[in-house]
Every structure is written in structure tokens, then in C-alpha cells.
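Step one of this worksheet: look at the structure below.
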Amino acid sequence: MPCVGDWLNSPLSIVQGIFAQNVPNSDWEKKVTEYFKEKLKENNATNWVPSLNDVPVHYLKPNSLVKFRCMVQDMFDPEFYMGVYETVDPNTNARVLHFGKYRDVAECGPQQEIDLNSSQTVTSERQTFYCVPVPGESAWVKEISFLTELVLCYKIICGFLNPQSHAFVSASQARVSPSTSYTPSRHKRSYEEDEDMDLHPSKQKEQHMGKSCCSGSDIHGCVEPKRLETEASAGHHVISPNCSPPLDLNFPLPGEKGPACLVKVYESWESFKVNDVLEVFGVLSVDPVLSIVNSEERDSSTLDPMECMDTAEEQRVHSPPASLVPRIHVILAQKLQHINPLLPACLNEEESKTCEFVSNFMSELSPVRAELLGFLTHALLGDSLAAEYLILHLISTVYARRDVLPLGKFTVNLSGCPRNSAFTEHLYRLIQQLVPASYHLQMSIESMNHSRFIPHKDYTANRLVSGLLQLASNTSLVIDETQLEQGQLDTAGVRNVTALGNLITWQKVDYDFNYHRMEFPCNINVLITSEGRSLLPSDCQVHLQPQIIPPNMEEYMSSLLTAVLPSVLNKFRIYLSLLRLLDYSISDEVTKAVEEDFVEMRKNDPESITADDLHKMLLVARFLSLSAGQTTLSRERWLRAKQLEALRKARLQQQQCVNGNEL
Numbered sequence: 001m002p003c004v005g006d007w008l009n010s011p012l013s014i015v016q017g018i019f020a021q022n023v024p025n026s027d028w029e030k031k032v033t034e035y036f037k038e039k040l041k042e043n044n045a046t047n048w049v050p051s052l053n054d055v056p057v058h059y060l061k062p063n064s065l066v067k068f069r070c071m072v073q074d075m076f077d078p079e080f081y082m083g084v085y086e087t088v089d090p091n092t093n094a095r096v097l098h099f100g101k102y103r104d105v106a107e108c109g110p111q112q113e114i115d116l117n118s119s120q121t122v123t124s125e126r127q128t129f130y131c132v133p134v135p136g137e138s139a140w141v142k143e144i145s146f147l148t149e150l151v152l153c154y155k156i157i158c159g160f161l162n163p164q165s166h167a168f169v170s171a172s173q174a175r176v177s178p179s180t181s182y183t184p185s186r187h188k189r190s191y192e193e194d195e196d197m198d199l200h201p202s203k204q205k206e207q208h209m210g211k212s213c214c215s216g217s218d219i220h221g222c223v224e225p226k227r228l229e230t231e232a233s234a235g236h237h238v239i240s241p242n243c244s245p246p247l248d249l250n251f252p253l254p255g256e257k258g259p260a261c262l263v264k265v266y267e268s269w270e271s272f273k274v275n276d277v278l279e280v281f282g283v284l285s286v287d288p289v290l291s292i293v294n295s296e297e298r299d300s301s302t303l304d305p306m307e308c309m310d311t312a313e314e315q316r317v318h319s320p321p322a323s324l325v326p327r328i329h330v331i332l333a334q335k336l337q338h339i340n341p342l343l344p345a346c347l348n349e350e351e352s353k354t355c356e357f358v359s360n361f362m363s364e365l366s367p368v369r370a371e372l373l374g375f376l377t378h379a380l381l382g383d384s385l386a387a388e389y390l391i392l393h394l395i396s397t398v399y400a401r402r403d404v405l406p407l408g409k410f411t412v413n414l415s416g417c418p419r420n421s422a423f424t425e426h427l428y429r430l431i432q433q434l435v436p437a438s439y440h441l442q443m444s445i446e447s448m449n450h451s452r453f454i455p456h457k458d459y460t461a462n463r464l465v466s467g468l469l470q471l472a473s474n475t476s477l478v479i480d481e482t483q484l485e486q487g488q489l490d491t492a493g494v495r496n497v498t499a500l501g502n503l504i505t506w507q508k509v510d511y512d513f514n515y516h517r518m519e520f521p522c523n524i525n526v527l528i529t530s531e532g533r534s535l536l537p538s539d540c541q542v543h544l545q546p547q548i549i550p551p552n553m554e555e556y557m558s559s560l561l562t563a564v565l566p567s568v569l570n571k572f573r574i575y576l577s578l579l580r581l582l583d584y585s586i587s588d589e590v591t592k593a594v595e596e597d598f599v600e601m602r603k604n605d606p607e608s609i610t611a612d613d614l615h616k617m618l619l620v621a622r623f624l625s626l627s628a629g630q631t632t633l634s635r636e637r638w639l640r641a642k643q644l645e646a647l648r649k650a651r652l653q654q655q656q657c658v659n660g661n662e663l
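So the sequence shown is residues 1 to 663, counted in the UniProt record's numbering.
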């Protein structure tokens, strides 16, 4: 009888128990999913599960339950595996059924062989996603997620919470204890040595030599464990691991850290798509035999070349070393509405805790908005109008699409920014402390000509090579034009600038599949800082009017963050994430009043307002209402939106008169 902690430490033993009780009934798979779903619904149970975002892979126990917050960077071809297989003992002819689901290799006990011709064998299909940590994920998201789990484990160990089981202790031990399944020297090697061992599997073979055959419960030390890869791998090419180039983990943004994972999905994979942000719960597979088997496949030269369906490069990319790119066999997966750890994971559910959280925060929304406005006013050098528009920008989101037109996008061009004071860089650092994911793009001739913005398909490796614009939904993209100087854009530079324009205007990126382009819709908040009017399109231009010029910009911006209490900063973070998720509507009565108001404005001065101006005012009114916690448009908010737009336009006219240039 498994102990309660086994569902965390040994989920496969739980699956085995359910499988044994229900075979040959096919309902066993559904019962496994229901079992773990119920377990994770218990008090803070999702926080008991070790996260690959927080804990290095070599500190996690193989075949334990883990979670991973990630973005789907690519989808590989579906693969076949033995869902159910039968082993036979040649001496006694005893037969045993096993499950192959949630495993990379089919296992059997000593003195047993797999009967590949058994009538009981069931071939099943699964989908493999190549997943990476959310691009541009802010450091505070990682820190708060990790601290939340750490505090929970501490309370459990100290007895502050109902321990109910060894599961709590097991979860905390999984975070601090190196895996016992590796050889003793495993946790003494450096990361570089790990990589070397995986890229040169012959060294691993040498470590395994000399060990005697083990019992069925300890198969990791066997010289030749009786396993067969459950995945039906077809490629057998000659390639020397010694000559292989370093493995590219294919992160969209430069300087990203964290594990990439091959996430193997068994149910409802058609509901997920590229660039979706997921949280997956599944069985961690980092079996060294994967590297050995894949290396042997690549080294094999005795097989018929006609059988080789995959290129050597495709094998290398699709079957990377398990310690560099671990596998997760998904038991449960969900799309995330957001990645802010300060909010409940799903705000659509009408659970009492979720409703209580939202109502409590909405009751104190007004002072939070006032404090945030003051904070951003100081960040924008005393310009309160620019701070108002920055708030509206930060809570904007694409809420619908009419044909090709994205509704709700609100790209702001903040012109008049100081050129030589690194203002944009410091402003970005403040924004980075407020939003869950962001990226700072310094627009220069060199970066435009030499950066890869658009993801493209590599048919040799059969993978989607990432680009800077492969970002998760609701990422804040800050584009700095203040460093842009005169120069010549080459073909790649023109293509990159065009891609930025399409992203801003249509909220889509056209991925390059060599022979055709494929549109991938996105939802990216773009803020452009520039001296004059931006070269890129925008929905709204706000000219910055600094009221103060700090002698030391870095000290000034740093002091702003230092002065804000962590609790207040967290309220800002909740405020910006929560308001993006609220529904919004306009009553028939207010719609009629707005139409009448528009007609009156056109009567007074037909040249002063157009249909585009009306659309912009309605957009400002929408986000102005949401920023105050109101989900419907009121007459008061409409008048305030008109006032803000009038002030913004008057400022642009004034600046145009001063310098005589078009803004």
C-alpha cells in the first residue's frame, strides 16, 4: 500500500496501482487524471510540487511529480509509443501487463522480456511540445513564486499546517536533496561537465560498467537493463557526438536562463498552440539511458540507409541530452491567464476564495491608483498627463478581433524623451518591476540589421527557430528609438522594421516558413520612446514635458524604487494584472449619449474630430473606466477621456509651434 507521499515522489507507483486494478478496462487513464486532479485541489497542493522554474534539474528526483511554467516555443510531430505492453518470463512463461504511458523507456523486471508480438500490446499517440521559460519573465515573478513554496514547506515542517502526510515533507526534501538515482559523482560535477557527459555518452557507459545486475526495484545501475524505448524512433544516421556543435536551447530572447523541456502531452493537445503559456504537472524523466540510446542510434552504420527518415540534425534537436533538456510526461496541463503569482491562477472560476480576493482588492482600488499615478509621475520626471496615459497603456489588452482588426491595443509613443541620459533604460527597469514579463529593445541600425526578429522554420532540423518577436501574450515591449542614428538598413533591417510595424498595427507576426508566411496573432503591449515622433506607427502619441531634470538620472530612478514599500509595489503589480482581466461593456443609454456628443463636436468644428478620433476617445474611456475599477462606461469617465485627449492634442500642437516640425 503506497504511502500518501508517493503521489509526489513516486507518481508512477500510483499509476501502476490504478492500472493493475482496472486493466484491461481502458478507463484507467481517466482515473489517473482524476486522481491527480483531486490531489492538486487540496489546500495549496500545487505549491507542494517542486517547480523546474525554481529548482535545478539535478536536485530533483527522477520520475517524481514536477511542475513547469512555460511557453510553447515549438510543436514537434506526433509520436507513437507502447501504451500497454506485455512481458514474459522465458523460464516460467509467466506474463505480466505493463503501462508505457508517462515513460520514455519500457521497463521490465529481471528474467523478463518484452513480447513485441503480444496481442495485448496497445500502440498510442502523444504530442511533444518544446517548451521554454516565459520569455522576459521578471525576476520578481520567479522570486515570489519560489518564496511562496518555500514558506509553505517551512510551515508544514514546523507543524503550522496540517501535515496530513509525508507528502509535505517529501515535497520539501525534493527541493533540497540531490537525486539518489544518479551515480554518487553526479552532483559533484559542474554544469559544463554534465553537458560534456551528455554530449559524449560513451563516458556514461564507462561509469555504468562493472556494476552487477540489479533487482527490479533498482534498474538505474544495470549494465544492460532490459528496456526498450517506448517512442517509435525511426532515424539511424552516422554522426559523431564529438563533432556536434553546442546545443542551442532556442530561447527567443538573448541572455535567458532556465531549463528548456520536452513536454509530452497525452490528452487534448489540440487545445494548445504555439506561444501559449502553460503550467504543466507531470512525471520528470531525466534517464541517462536516453542519451545512450540516442547516441547509439546516431552511431549505427549497419542499418539500411533507406530506413533513415530523420536527418542527423533533426535527431540531435528532437532528442537532446536529458540533463540539458529534461522530459516531462504531462498528467495535467492548463493554459494560464496570467503569470502573476500574486493573483489566483484562474479568475474565471466563481470560487469563493477568488471572488473574495477580487472584491477585497477592488474595495481599495482608488488609493492604489492614486499611489501608482504618483509613482509614475515621478518616474516620468513630474509629467502627470504622461503618467495617466502610461497607466492606460499598461492595463490595455487585445480583448477581441474584428476580421483583421485587433480591438483593445493601445501602443503609446512617448516622444520628447531625453536622448543622452539613459532615461528609457531606467524607465524600463521601473516598468520591469511592475509587469510580469517585458523586454527592452534598443532600436539601432546595427540591431535592426543583425538581430533575428521573426521566427523561421529550419527544415533540416525540423524545428521552429525562435526570434525576438516570439513573445507570450501580455508581454510589455519597450522600444527605445532615442539611440537611433543615421545609417543604411539592409534587407534584414527593413524586414525587421516591417515586422515591428505589423506587430503594432495588426498585433500579429508573420513567421517565415521559407515557401510561405504564416500569421501568428499576438497580444503585446508596445511602448515606444523617442525624441520626436516615432518612425513606427502608434495608437497614441504623448509628448513628455519634464517638470524636473535630475542631475543624476540613475540615482533619481533608483531612489524611486527604494522609497516604495514592497507591500505597495505588490499592490501595483496586482492592480495592473487584475484590470487587464476584467470584462467591460457600454450600455445602450451611454452609447446614444456618446453618439450625440460626437455629432455636436462635428457640428462645431468638422475638421477637429474624425471617426478615428472617436475610436481613440472610446479606447481611452474604456481603460480610464477600468483603471478606476468600473466595468461600464459612465458619463463622468467619458467627459474625463475627452479632457485627457484635449490636453494631449493641445500639447502636441504647442510643441509643433515651438519647433516647426511635424510631430
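Ideal placement from N, C-alpha and C gives every residue a C-beta, glycine not left out.
Taking the C-alpha atoms as reference points, what is the distance between residue i and residue j?
i, j, result
"ASN9", "ASN63", "8 Å"
"GLY83", "THR123", "5 Å"
"VAL176", "LEU147", "Its pLDDT being 37, under 50, VAL176 is placed unreliably in this model, and the coordinates cannot settle the point."
"PRO550", "THR377", "14 Å"
"LEU647", "VAL435", "27 Å"
"PRO163", "PRO90", "Its pLDDT being 42, under 50, PRO163 is placed unreliably in this model, and the coordinates cannot settle the point."
"PRO133", "ASN53", "7 Å"
"THR460", "ASP115", "35 Å"
"TRP638", "VAL594", "8 Å"
"THR498", "LEU407", "21 Å"
"CYS522", "CYS131", "18 Å"
"PRO78", "ARG495", "33 Å"
"PHE272", "GLN545", "45 Å"
"THR92", "PRO344", "56 Å"
"VAL55", "VAL358", "31 Å"
"ARG186", "HIS58", "Only weak support is given to the placement of ARG186: the predicted model assigns it a pLDDT of 34, under 50, and the question is left unresolved by the model."
"THR632", "ARG622", "8 Å"
"LEU468", "LEU253", "6 Å"
"CYS540", "PHE410", "7 Å"
"GLN433", "LYS642", "31 Å"
"VAL526", "VAL478", "6 Å"
"residue 664", "ILE144", "The chain is shown only over 1 to 663; residue 664 falls outside these bounds and no answer can be derived."
"VAL564", "LEU576", "16 Å"
"LEU290", "TRP28", "27 Å"
"ARG651", "CYS657", "10 Å"
"ASP612", "ARG640", "18 Å"
Rounded to whole angstroms, how far is the Cβ of residue i from the Cβ of residue j, which I believe are closer than 8 Å?
i, j, result
"ASN275", "MET71", "6 Å"
"PHE68", "CYS261", "6 Å"
"ASP480", "THR424", "4 Å"
"residue 664", "VAL15", "Residue 664 cannot be examined here, being either before or after the span of the chain that is shown, 1 to 663."
"LEU471", "TYR439", "7 Å"
"TYR102", "HIS329", "4 Å"
"THR46", "LEU40", "5 Å"
"PRO537", "GLY487", "Actually they do not touch by this definition, with Cβ atoms about 21 Å apart."
"PRO135", "GLU256", "7 Å"
"VAL283", "LEU60", "At roughly 11 Å, the Cβ-Cβ gap does not stay under 8 Å, so VAL283 and LEU60 are not in contact."
The ligand GTP heavy atoms versus the CB of residue i: any closer than 7 Å?
i, result
"PHE513", "This structure does not include the ligand GTP; it has no bound ligands of any sort."
Answer yes or no: does any C-beta atom of chain B fall closer than 8 Å to that of residue i?
i, result
"VAL49", "Any reference to chain B falls outside this structure, which holds one protein chain only."
Go ahead and label residue i buried or exposed: buried means 16 or more other beta carbons lie within 10 angstroms of its beta carbon, across all protein chains shown.
i, result
"ALA139", "exposed"
"LEU644", "buried"
"HIS98", "buried"
"PRO50", "buried"
"MET518", "exposed"
"ARG316", "buried"
"LYS571", "buried"
Who pairs with residue i in a beta bridge, going by DSSP?
i, result
"LEU407", "ALA400"
"HIS543", "SER415"
"PRO521", "LYS508"
"ILE130", "Correcting the residue type first, residue 130 is Tyr in the shown sequence and not Ile. Note: TYR130 sits in a beta bridge opposite ASP74 and LEU262."
"HIS456", "VAL465 and ASP512"
"GLN334", "GLU279"
"THR87", "VAL96 and ILE114"
Practice task
Could you say if the segment 450–460 and the segment 385–400 meet the contact criterion of at least three C-beta pairs nearer than 8 Å?
Solution key: No, the segment 450–460 is not in contact with the segment 385–400.
Exercise for the section: Assess, as a yes-or-no matter, whether the segment 311–327 is touched by the segment 261–270 under the definition of 3 or more beta carbon pairs within less than 8 Å. Expected result: At 8 Å Cβ cutoff, the stretches touch.
Exercise for the section: Check whether the segment 584–602 touches the segment 444–451, taking contact to mean three or more Cβ pairs, one atom from each stretch, closer than 8 Å. Expected result: The answer is no - the segment 444–451 does not touch the segment 584–602, with fewer than three Cβ pairs under 8 Å.
Problem - Cβ contact (3+ pairs, closer than 8 Å) linking the segment 501–509 and the segment 551–562 - result: Proximity of the segment 501–509 to the segment 551–562 falls short of the contact definition, fewer than three beta-carbon pairs being nearer than 8 Å.
Exercise for the section: Please determine if the segment 565–585 and the segment 615–627 are in contact, where contact requires at least 3 C-beta pairs separated by less than 8 Å. Expected result: Judged by Cβ distances under 8 Å, the segment 565–585 makes contact with the segment 615–627, as three or more pairs qualify.
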